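Peer 1:
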Amino acid sequence: MKQPFVLTACVSAAILASACSEEPIIEPVGPLPPPLNGTAFIDPDVLTVQGPNALTGLTPLGVGSRVMYDGRIGAEATYDTWLFEASFIPSLLLEIRVNAEFDSISAVDLADLYAERFGVLPQVLREGVETLSVHGGLESIVGLNRDLVVHADQGEAHRIQGFLEEVMAHETVHISLDAEH
Numbered sequence: 009m010k011q012p013f014v015l016t017a018c019v020s021a022a023i024l025a026s027a028c029s030e031e032p033i034i035e036p037v038g039p040l041p042p043p044l045n046g047t048a049f050i051d052p053d054v055l056t057v058q059g060p061n062a063l064t065g066l067t068p069l070g071v072g073s074r075v076m077y078d079g080r081i082g083a084e085a086t087y088d089t090w091l092f093e094a095s096f097i098p099s100l101l102l103e104i105r106v107n108a109e110f111d112s113i114s115a116v117d118l119a120d121l122y123a124e125r126f127g128v129l130p131q132v133l134r135e136g137v138e139t140l141s142v143h144g145g146l147e148s149i150v151g152l153n154r155d156l157v158v159h160a161d162q163g164e165a166h167r168i169q170g171f172l173e174e175v176m177a178h179e180t181v182h183i184s185l186d187a188e189h
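Position in the sequence shown (first residue = 1) + 8 = this note's numbering.
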């Protein structure tokens with residue numbers, strides 16, 4: 009019984025000795041990427057549309073011109089928009105502005121989608137947001153100046169992955185809590 013163990017130990021020692029006799033390969037160690045792509049992507053089931061929802065109504069307001077941030081140009085610009093008013097309990101109103109690059113049917117669908125998702129956010133995160141702006145494109149969802157800015161193609165990718173509500177929550181923290189904390 010002891011002979012196979014001794015033989016294995018001797019062979020292992022010989023392999024290690026030959027490996028150690030060569031010049032060691034040293035590679036620089038730098039920061040490694042995190043296991044996740046951001047704090048919003050930890051679990052897609054933290055907030056879901058199946059949970060409680062504070063949305064009580066969505067009313068179309070027609071069309072209007074609005075100054076909105078657009079990540080595609082990295083600046084604010086004036087856009088023709090489809091306007092909606094979303095109401096939430098307790099007594100919160102949110103103006104949803106959908107860029108007129110979308111047709112009226114798509115604008116209604118987008119306003120409904122984002123109003124419903126906004127309604128699952130905790131009240132403390134909803135309170136600081138006054139507007140929700142929707143553009144086309146794959147740019148990041150961002151929270152700026154009391155406005156939650158969504159680029160619909162990126163929003164759809166997050167929805168499919170199950171992280172739309174979590175990303176919206178993350179960005180509304182910047183709107184509602186950053187200034188106070």
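Every residue, glycine too, gets a C-beta built ideally from N, C-alpha and C.
Everything numeric in this text was worked out from a predicted model, so none of it was measured.
Contact criterion: CB-CB distance below 7 Å. Does residue 173 meet it with respect to chain D?
Peer 2: Of the protein chains in this structure there is only one, and it is not chain D.
Peer 1: List the residues that DSSP assigns as beta-bridge partners of residue 73.
Peer 2: By 1-based counting over the sequence shown, the position of residue 73 is 65. Residue 73 is bridged to 88.
Peer 1: Return yes when the Cβ of residue 86 is within less than 7 Å of the Cβ of residue 105, no when it is not.
Peer 2: Working through the sequence shown from its first residue, we reach residue 105 at position 97. Working through the sequence shown from its first residue, we reach residue 86 at position 78. Contact: no.
Peer 1: So which of 67, 135 and 80 has the shortest CA-CA distance to residue 142?
Peer 2: Counted from its first residue, the sequence shown places residue 142 at position 134. Closest by alpha carbon: 80.
Peer 1: What's the gap between the Cα of residue 186 and the Cα of residue 160?
Peer 2: By one-based count along the sequence shown, residue 186 stands at place 178. By one-based count along the sequence shown, residue 160 stands at place 152. Answer to the nearest angstrom: the Cα atoms are 25 Å apart.
Peer 1: Applying the criterion that 16 or more other CB atoms from any shown protein chain within 10 Å of the CB defines a buried residue, is residue 184 buried or exposed?
Peer 2: Against the sequence shown, residue 184 aligns to sequence position 176. Answer is buried; the Cβ neighbour count reaches 16.
Peer 1: Straight-line CA distance for residue 128 to residue 173?
Peer 2: The sequence position of residue 128 within the sequence shown is 120, counting from 1. The sequence position of residue 173 within the sequence shown is 165, counting from 1. Distance between the alpha carbons of residue 128 and residue 173 is about 8 Å.
Peer 1: If you follow the alpha helix (DSSP H) that residue 116 is in, where does it begin and where does it stop?
Peer 2: Residue numbering aside, residue 116 sits at position 108 when the sequence shown is read from its first letter. It spans 112-127 - the alpha helix (DSSP H) in which residue 116 sits, taken as one unbroken run.
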